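Worksheet: the structure to be examined is printed underneath.
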Amino acid sequence: MRGSLAAAYAWLDERFDLGALVEFARHKRVPVHRGSVFYYAGGVTAFLFLLQVGTGILLLMYYRVGTDASYESVRYITTKVPFGWLMRSVHSWGANLMVLFVLLHMLSVLFMKAYRKPRELTWLTGCALLGLSMAFGFSGYLLPWNELAYFATKVGTDIVGQVPLVGHWLLRLVRGGDEVTGATLSRFFGLHVAILPALLTSLMGVHLLFVQTQGMAGADRAKKTMAFFPNFLLRDAIFWLVVLNAVCALAVFFPWELGKKADALASAPTGIKPEWYFLSQYQFLKVLPGRIGPVAGELVGIAVIGAAGLVFALVPFWERLVPEGRRDRAVELFGWVSLAVLGAMTAWGYLS
Amino acid sequence: MNRKAFLNLAMGAGAAGFMGSMFYPVLRFLLPAEQTEAEPDILKVGSVADFADGFSKILKFGRSPVIVIRDLKGGFHALNATCTHLDCIVQYKKDEDLILCACHNGKYDLSGKNISGPPPRPLERYEVKVQGTDVLVFRKPA
């Protein structure tokens, strides 16, 4: 066995110069310090994306799109298909954990200041990947065509419609009409299974290329390092197994509910809330008054949320305006304040 | 303008035209055609006996949903059921005798006036008439 593997490696090496790749991976070093555990968040995110692709493909074998088929097909998957409940719940929990790990990964990069020159583009591609992950969550949320999804989509797409000048045009583009209907469902399905996977895979490729080309931030200054291959990668694989077990345990003990079928003539149910990663924005829009001066409150809220996102994405550029001696402290303060505000608004949204 | 600048301009204009002719059909394809849907002026929502005091019903009135409410004193109200905040469908809260949008906790009184929470505008009102035993809603705002 070992001999045939070595022969296969030699055969490939002769044609594709694998030795150079292995040598490159071996030279990559990972800093070892008390915050090293956060380095695994990026790998876990990539693993969760693969898990989403795998379970998503399996769900596609039974899922049918349409207002008279989507809800019924998801109900069929969860009640009749062997292990269908498991696949759907793993897909739903995996989506939530993927967003969680993207956020963890980004926060660790922010607090370690790993976005600094020459890694500004790596940070920006990471921000775009966070946006794509949330778009994945939002588009996938509608696909079971249940009550919660219907209203979440009505609200989310109406926010798009608030954009000055082109809002109505964008709303029709996203919804496939003026209202959330089967046309919206078809668009979200296409977005979720074709457009977003293509975009996310390409962008993740670029992001990883940047990481491989530039190496890990601080590896050249660290007192202690470990080899990326195989030491770090094997430890990463252990984390993947832990996360896989956690997702499966969540799916088994807290299976994802299907709820009631969407009905365009039903009132929004009392206590309706979005997924946790949209809760802070939801709560913010909820507490704003109808009008702030001459402007609609929701418009102000959407502008503030957009501006906050932009400030976060542009950290590598605005931090240079802070005098060098106070720069680290300013970014850390920004990080902790953002975390506190997001955490407090999320908790408020959850409890109210 | 020299020959090189002219050629650059011509090439640029050609490339822009080519890109436009490629992407315009795609964009138009993605934008749905305007649907013309009948907008009736009158809607029969049921008979008076269907509406006990404190009962409400949501029906489609042309392209919009309408909520028809019989309040606790027996009066009828008909309003556009789409919340003016972010497009959710409202509900009648019998215990508080008001209209609630559960999405962001917006509240309206029975005349449709926004009284608390984030809704920026009142709900559009329709006229309700009882003719014989039938309850009718008229599009003309009350």
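Top line first, the protein sequences correspond to chains A and B.
Position 83 (the first sequence) corresponds to 83 in my numbering; numbering is contiguous.
Position 44 (the second sequence) corresponds to 1044 in my numbering; numbering is contiguous.
Beta carbons: idealized from backbone N, C-alpha and C, even for Gly.
Predicted, not measured: the structure shown is a model, and the values here were computed from it.
Item checked: Every unbroken alpha helix (DSSP H) inside the stretch 10 to 40 of chain A [4 residues or more] -> The alpha helix (DSSP H) runs lying completely inside the stretch 10 to 40 of chain A and spanning 4 residues or more are 18 to 27, given in chain order.
Next item on the list: Could you pull the start and end residues of the beta strand (DSSP E) that B/A1057 belongs to?
Entry: Note that residue 1057 of chain B is Lys in the sequence shown here, rather than Ala. B/K1057 -> beta strand (DSSP E) spans 1055 to 1061.
Note to self: Give me the subset of the stretch 1107 to 1136 of chain B whose CB atoms are less than 7 Å from a CB atom of chain A, sorted by chain position.
What the structure shows: Residues N1114, P1118, P1119, P1120.
Check: Which residues in chain A sit within 8 Å of B/L1059, going by Cβ to Cβ distance?
Finding: Those are L265, listed as they occur along chain A.
Item checked: Reduced DSSP secondary structure (H/G/I, E/B, other) of B/I1099 -> Residue state for B/I1099 is assigned as strand, using DSSP reduced to three classes.
Next item on the list: Quick one: using the 10 Å Cβ neighbour count with 16 as the cut-off for buried, is A/W169 buried or exposed?
Entry: It counts as exposed.
Note to self: Using the Cβ count rule (16 or more neighbours within 10 Å means buried), how would you classify A/V341?
What the structure shows: When all chains shown are included, A/V341 counts as exposed.
Next item on the list: Can you grab the Cα-Cα spacing for the pair A/L171 / A/T270, in whole Å?
Entry: The alpha-carbon atoms of A/L171 and A/T270 are separated by roughly 26 Å.
Check: How would you label B/M1011, buried or exposed, when you count the other beta carbons within 10 angstroms and need 16 or more for buried?
Finding: A residue is called buried once 16 or more other Cβ atoms fall within 10 Å of its Cβ, and B/M1011, having fewer, is exposed.
Next item on the list: Could you tell me whether the Cβ of A/F47 comes closer than 9 Å to any Cβ of chain B?
Entry: Output row for A/F47: interface = no.
Check: For A/V81 versus A/Y62, is the C-beta distance shorter than 9 Å?
Finding: At a Cβ-Cβ threshold of 9 Å, A/V81 and A/Y62 count as neighbours.
Note to self: What does DSSP give as the partner residue(s) for B/G1046 in the beta ladder?
What the structure shows: BP columns for B/G1046 point to B/V1135.
Checklist line | 6 Å CB neighbourhood of A/F136 in its chain, flanking five on each side removed | finding: The beta carbon of A/F136 is closer than 6 Å to those of L196 in its chain, skipping five residues each way along the sequence.
Next item on the list: Report the option in A/L244, A/T78, A/F24 whose CA atom is closest to the CA atom of A/E257.
Entry: Ranking the options by Cα distance to A/E257, first place goes to A/T78.
Checklist line | Alpha carbon of A/W145 to alpha carbon of A/V243, nearest angstrom | finding: Taking the straight line joining both Cα atoms gives about 29 Å.
Notebook entry, point to check: Between the beta-carbon of A/K273 and the beta-carbon of A/P31, is there less than 9 Å?
Noted result: No, Cβ-Cβ distance for A/K273 and A/P31 is not below 9 Å.
Notebook entry, point to check: How is B/Y1108 classed by DSSP in three states: helix, strand or coil?
Noted result: Under the three-state reduction of DSSP output, B/Y1108 falls in the strand class.
Check: Whose CA, out of A/A249, A/A296, A/G335, lies closest to the CA of A/S92?
Finding: For the residues A/A249, A/A296, A/G335, the minimum Cα distance to A/S92 belongs to A/A249.
Next item on the list: Leaving out five residues on either side along the sequence, give the residues of the same chain with a beta carbon under 7 Å from the beta carbon of A/R15.
Entry: Result list for A/R15: empty, nothing under 7 Å.
Next item on the list: Could you say which of A/G161, A/T213, A/G140 lies nearest to A/L185 if we only look at CA atoms?
Entry: With distances taken between CA atoms, A/L185 lies nearest to A/G140 out of A/G161, A/T213, A/G140.
Next item on the list: Please compile the residues from chain A whose C-beta is within a distance smaller than 9 Å of the C-beta of B/A1102.
Entry: Scanning chain A for C-beta atoms nearer than 9 Å to the C-beta of B/A1102 yields F151, S267, A268, P269, T270, G271, I272, reported in chain order.
Notebook entry, point to check: From which residue to which residue does the alpha helix (DSSP H) around A/I238 run?
Noted result: 233 to 253 is the span of the alpha helix (DSSP H), which, as asked, contains A/I238.
Note to self: Taking DSSP's pairing of strands, which residues face A/M226 in a bridge?
What the structure shows: Bridge partners of A/M226: A/V30.
Notebook entry, point to check: Helix, strand or coil: how does DSSP classify B/K1129 here?
Noted result: Here B/K1129 sits in strand by DSSP.
Note to self: Short of 7 Å in beta carbon distance, which residues of its chain neighbour A/M98, apart from the five on each side in sequence? Order them along the chain.
What the structure shows: T45, L48, F49, Q52, S133.
Notebook entry, point to check: Do A/G290 and B/G1106 have their CB atoms nearer than 9 Å?
Noted result: In this structure, A/G290 places its C-beta atom within 9 Å of the C-beta atom of B/G1106.
Next item on the list: Kindly confirm or deny that the stretch 114 to 129 of chain A and the stretch 308 to 326 of chain A touch, where touching means at least three C-beta pairs closer than 8 Å.
Entry: Cβ pair count under 8 Å is three or more, so yes.
Next item on the list: List the residues that DSSP assigns as beta-bridge partners of B/A1078.
Entry: Answer is B/V1068, B/Y1126, bridged to B/A1078.
Check: Mind pulling the chain B residues with CB within less than 7 Å of A/K375?
Finding: What the structure shows of chain A is the stretch from 1 to 352, and residue 375 of chain A is not part of that stretch, so it cannot be assessed.
Item checked: Assumed close pair A/L5, A/G335 - CB separation to whole angstroms, cut-off 8 Å -> No, A/L5 and A/G335 are not in contact; Cβ-Cβ is about 46 Å, not under 8 Å.
Margin query: DSSP has A/S73 in a bridge; who is on the other side?
Written below: Paired residue(s): none; A/S73 is not in a bridge.
Check: If you run the structure through DSSP and keep just helix, strand and coil, what is A/R2?
Finding: Residue state, collapsed to three classes: helix.
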